[in-house]
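J.: These protein sequence lines are chains B and L, in that order. Just so you know, we're using this note's numbering here: the first sequence kicks off at 9 and counts up by one. Just so you know, we're using this note's numbering here: the second sequence kicks off at 9 and counts up by one. Where a beta carbon is used, it is the ideal one built from N, C-alpha and C, also for glycine.
2 protein chains.
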Amino acid sequence: MRNTERNIQQRIQDMYADRTQGASELAREGLDIAADAAYQLSATNALALVTALQSLAHDIMITRTSMTPVYKLLHAWSEQLEELTDIDLPTARQTAQNMAYDLVNQSLRFTQQLVQAAYYFIGENKTLFTHSLSSTLISIAEQLVDKNINFIITESRPLNEGVILAEKLSKLAIPTTLITEAQLGLFIKHADLVFVGADSILPDYSVVNKAETYLLALAAKAQNIPFYVCCESFKLRDENMPHIALEEMAASETCRETWDNVTIKNIYFDITPPNLVTAWINENGVNPVPPN
Amino acid sequence: MRNTERNIQQRIQDMYADRTQGASELAREGLDIAADAAYQLSATNALALVTALQSLAHDIMITRTSMTPVYKLLHAWSEQLEELTDIDLPTARQTAQNMAYDLVNQSLRFTQQLVQAAYYFIGENKTLFTHSLSSTLISIAEQLVDKNINFIITESRPLNEGVILAEKLSKLAIPTTLITEAQLGLFIKHADLVFVGADSILPDYSVVNKAETYLLALAAKAQNIPFYVCCESFKLRDENMPHIALEEMAASETCRETWDNVTIKNIYFDITPPNLVTAWINENGVNPVPPN
Numbered sequence: 009m010r011n012t013e014r015n016i017q018q019r020i021q022d023m024y025a026d027r028t029q030g031a032s033e034l035a036r037e038g039l040d041i042a043a044d045a046a047y048q049l050s051a052t053n054a055l056a057l058v059t060a061l062q063s064l065a066h067d068i069m070i071t072r073t074s075m076t077p078v079y080k081l082l083h084a085w086s087e088q089l090e091e092l093t094d095i096d097l098p099t100a101r102q103t104a105q106n107m108a109y110d111l112v113n114q115s116l117r118f119t120q121q122l123v124q125a126a127y128y129f130i131g132e133n134k135t136l137f138t139h140s141l142s143s144t145l146i147s148i149a150e151q152l153v154d155k156n157i158n159f160i161i162t163e164s165r166p167l168n169e170g171v172i173l174a175e176k177l178s179k180l181a182i183p184t185t186l187i188t189e190a191q192l193g194l195f196i197k198h199a200d201l202v203f204v205g206a207d208s209i210l211p212d213y214s215v216v217n218k219a220e221t222y223l224l225a226l227a228a229k230a231q232n233i234p235f236y237v238c239c240e241s242f243k244l245r246d247e248n249m250p251h252i253a254l255e256e257m258a259a260s261e262t263c264r265e266t267w268d269n270v271t272i273k274n275i276y277f278d279i280t281p282p283n284l285v286t287a288w289i290n291e292n293g294v295n296p297v298p299p300n
Numbered sequence: 009m010r011n012t013e014r015n016i017q018q019r020i021q022d023m024y025a026d027r028t029q030g031a032s033e034l035a036r037e038g039l040d041i042a043a044d045a046a047y048q049l050s051a052t053n054a055l056a057l058v059t060a061l062q063s064l065a066h067d068i069m070i071t072r073t074s075m076t077p078v079y080k081l082l083h084a085w086s087e088q089l090e091e092l093t094d095i096d097l098p099t100a101r102q103t104a105q106n107m108a109y110d111l112v113n114q115s116l117r118f119t120q121q122l123v124q125a126a127y128y129f130i131g132e133n134k135t136l137f138t139h140s141l142s143s144t145l146i147s148i149a150e151q152l153v154d155k156n157i158n159f160i161i162t163e164s165r166p167l168n169e170g171v172i173l174a175e176k177l178s179k180l181a182i183p184t185t186l187i188t189e190a191q192l193g194l195f196i197k198h199a200d201l202v203f204v205g206a207d208s209i210l211p212d213y214s215v216v217n218k219a220e221t222y223l224l225a226l227a228a229k230a231q232n233i234p235f236y237v238c239c240e241s242f243k244l245r246d247e248n249m250p251h252i253a254l255e256e257m258a259a260s261e262t263c264r265e266t267w268d269n270v271t272i273k274n275i276y277f278d279i280t281p282p283n284l285v286t287a288w289i290n291e292n293g294v295n296p297v298p299p300n
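1. Considering Cα atoms alone, identify which of L:L152, L:A181 and L:P296 is closest to L:P234.
2. L:N133 CB to nearest chain B CB: under 7 angstroms?
3. Between B:Q29 and L:H139, what straight-line distance do the alpha-carbon atoms span, to the nearest angstrom?
4. Decide if the region 230 to 250 of chain L is in contact with the region 62 to 79 of chain L; the criterion is three or more beta carbon pairs, one per stretch, under 8 angstroms apart.
5. Rounded to whole angstroms, what is the Cα-Cα separation between B:L82 and B:L111?
6. Give the C-beta separation of B:V153 and B:L180 to the nearest angstrom, bearing in mind that I take them to be a contact with Cβ-Cβ under 8 angstroms.
7. Measure from the C-beta of B:G170 to each C-beta in chain L and report whether the shortest distance is under 7 angstroms.
8. Tell me the rounded alpha-carbon separation between L:T286 and L:R27.
9. Can you grab the Cα-Cα spacing for the pair L:S164 / L:N217, in whole Å?
10. Residues of chain L with a CB under 9 angstroms from the CB of B:Y222: which are they?
11. Locate the beta strand (DSSP E) running through B:I161, then write down its first and last residues.
12. Does DSSP put B:S140 in a helix, a strand or coil?
13. Can you list, in chain order, the residues of the region 245 to 274 of chain B whose Cβ is nearer than 8 angstroms to any Cβ on chain C?
14. Taking L:K176 as the reference, give the member of B:K80, B:C239, B:T221 and B:V270 with the closest Cα.
15. Can you tell me whether B:R117 is buried or exposed, with buried defined as 16 or more other CB within 10 angstroms of its CB?
16. Using the Cα positions of L:D94 and B:A227, report the straight-line distance between them to the nearest angstrom.
17. Which residues mark the beginning and the end of the beta strand (DSSP E) in which L:D278 is found?
18. Closer than 9 angstroms, Cβ to Cβ, to anything on chain B: give me those residues from the region 19 to 33 of chain L, in chain order.
19. Could you check the C-alpha separation between B:D40 and B:R72 for me, to the nearest Å?
20. Check the Cβ-Cβ distances between L:P234 and every residue of chain B, and say whether any is below 7 angstroms.
21. Have a look at B:R36 and B:E189 and give me their C-alpha separation to the nearest angstrom.
22. Would you say L:L145 reaches chain B, if we count a Cβ-Cβ gap shorter than 7 angstroms as a contact?
23. Over the uninterrupted alpha helix (DSSP H) stretch that includes B:W85, give me the two end residues.
24. Is there a Cβ of chain L sitting closer than 7 angstroms to that of B:T185, yes or no?
25. With 7 angstroms as the limit, tell me which residues of the region 278 to 300 of chain B have their beta carbon closer than that to any beta carbon of chain L; keep them in chain order.
26. Looking at C-alpha atoms only, which residue of B:I289, B:E291, B:L254 and B:L284 is the closest neighbour of B:F277?
27. How long is the line joining the alpha carbons of B:I160 and B:Q102, rounded to whole angstroms?
28. From L:H251 to B:T119, what distance separates their C-alpha atoms?
29. Quick one: list the residues of chain L neighbouring B:T12, beta-carbon separation under 7 angstroms, in chain order.
30. Within 7 angstroms (strictly less), CB to CB, does L:S178 reach chain B?
31. Identify the continuous alpha helix (DSSP H) that holds L:L192 and give its terminal residues.
32. Which value, in whole angstroms, describes the spacing of the CA atoms of B:A56 and L:E265?
33. Considering only their Cβ atoms, is the gap separating L:N158 from L:T135 smaller than 7 angstroms?
34. Nearest to B:H198 by CA position, among B:E169, B:G205 and B:I187, is which residue?
35. Short check: CB of L:S214 to CB of L:I279, under 7 angstroms?
36. With L:E291 and L:L122 assumed to form a contact (beta carbons below 8 angstroms), what rounded beta-carbon distance in angstroms separates them?
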């Protein structure tokens, strides 16, 4: 394997292993790998390049099966590549790269619009409950400094990305309460609203997000606290996309011991049904679930 | 302070710090301290002895504010001591000790009856979901060996007593699935019934148990899985008992880091309302909640 191909494969491996970046960030990383590959992969003509890049796009699409933007943005790029089969190779490389960057920029623009929509919606003098780490949520928090906003956040076992969020909110001087997942039912009543990101929205508007999100939605419903999902429309799956697989990671992340007769499970995501979701905030604003 | 008094105070401190024994076990430990104190505390006559023992009983009663048996059994003993004020000192010491041992035996007998009631109720070929570690539950599990029973259990942050339970169930060769609290919503659908202990039952039949129990009850209700609470009637609080305080432990148990603006909370218990409880199994059998 040539160095450039090894480098590309290593970056795809890193995407698979990544536990800190969210679905949109990883989708953009996937597009960045694709953009580099447009110049790096060997090909004798445009048709061969497109074939190689579509194969690569497929490899990237399936790295993170719970994260729809990875699938959807790489799939969109793969479809756009069809236009390039009959042109000269240098133009095909340049155009394939531009197409990937355009999709990155579209993703970034949607995220910025989403952050603005959430910022105006939240207003001021609120206590927000959230779970897990979302780069979008951090962007929203950065906007909310000086708006008298408090956060209640969970540690987010097994890798405790909630602890990373606590550190970031501390640096923003946003008053924050950090709890174990188990204490969710005790603290939900102190929240004005729940705000979570999502890795995917299923065709029926169920929400795929870090495990415990479903429990958070159940507790919010039981205590009449509104529950908002905040993510770009890129995360909505189409009916014709493959059935989503909830990613399972190494058991050793949760428990290093092993015993006979004991199976340790470490599924990262759960599914929250749409009847528990108050609204979906995306780049177009605040939308009812399911849409009217 | 004399050695014996220091020893008694140390044992009370140990009760306060104990994170592995349940409410009934700690109540029996409290009575055992009381029984020893009946001979160890200095007193010139029976009235002085009773006064000293009642003061001690009060100190023990308030060690574990979420655990009603500690309060209730020591309170019962303290009330019984009233009969001893007019008799000779050696008889008073002996009787006070016997009274404490009688209450220990009553607690043990109730636990045994409870275990039998639960054993017959569960039957065979079932998957049980439980949370936290309960000595009663382990006794029930010991009875259920060879009944084709599986367990789904949570690790029970922050101190992971679920991991201790996993090890015990492994030794009993009972097939067990161990999950983080966050995965509860994913695994509840695999359970035939939920079975939890309790630290206290409030006068309205709300259940005080290790934090996350409320979320377990919400998820069970949402998925139509019956939710059983299993504890002795000693855990039912009377209307005239003091308002229960949910114990909060050191934040460092959950997170060793600290940051400006971030408060780390570590409340051990939550409250499950009675409408989420299918039945209460105690030493008298399986009872509706609230009782008819």
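T.: So, from the data block:
1. L:P296
2. It does not; no Cβ of chain B falls within 7 angstroms.
3. 31 angstroms
4. yes
5. Cα to Cα, B:L82 sits roughly 9 angstroms from B:L111.
6. 5 angstroms
7. Closer than 7 angstroms: no.
8. 28 angstroms
9. One C-alpha to the other measures close to 12 angstroms.
10. L192, G193, L194, A227 and A230
11. I157 to T162
12. coil
13. Of the chains in the structure shown, none is chain C; the protein chains are B and L.
14. B:V270
15. exposed
16. 56 angstroms
17. F277 to T280
18. none
19. 16 angstroms
20. Taking 7 angstroms as the threshold, the shortest C-beta distance from L:P234 to chain B does not fall below it.
21. 30 angstroms
22. By the rule that beta-carbons nearer than 7 angstroms mark a contact, L:L145 does not touch chain B.
23. B:W85 -> alpha helix (DSSP H) spans T76 to Q88.
24. Cβ-Cβ to chain L under 7 angstroms: yes for B:T185.
25. With the criterion set as a beta carbon lying under 7 angstroms from some beta carbon of chain L, the members of the region 278 to 300 of chain B are D278, in sequence order.
26. For B:F277, the nearest C-alpha among the options comes from B:L254.
27. 47 angstroms
28. Between the alpha carbons of L:H251 and B:T119 lies a distance of about 48 angstroms.
29. The contacting residues do not exist; B:T12 stays about 40 angstroms from chain L at best.
30. yes
31. L192 to F195
32. 54 angstroms
33. yes
34. B:I187
35. Yes, Cβ-Cβ distance for L:S214 and L:I279 is below 7 angstroms.
36. 5 angstroms
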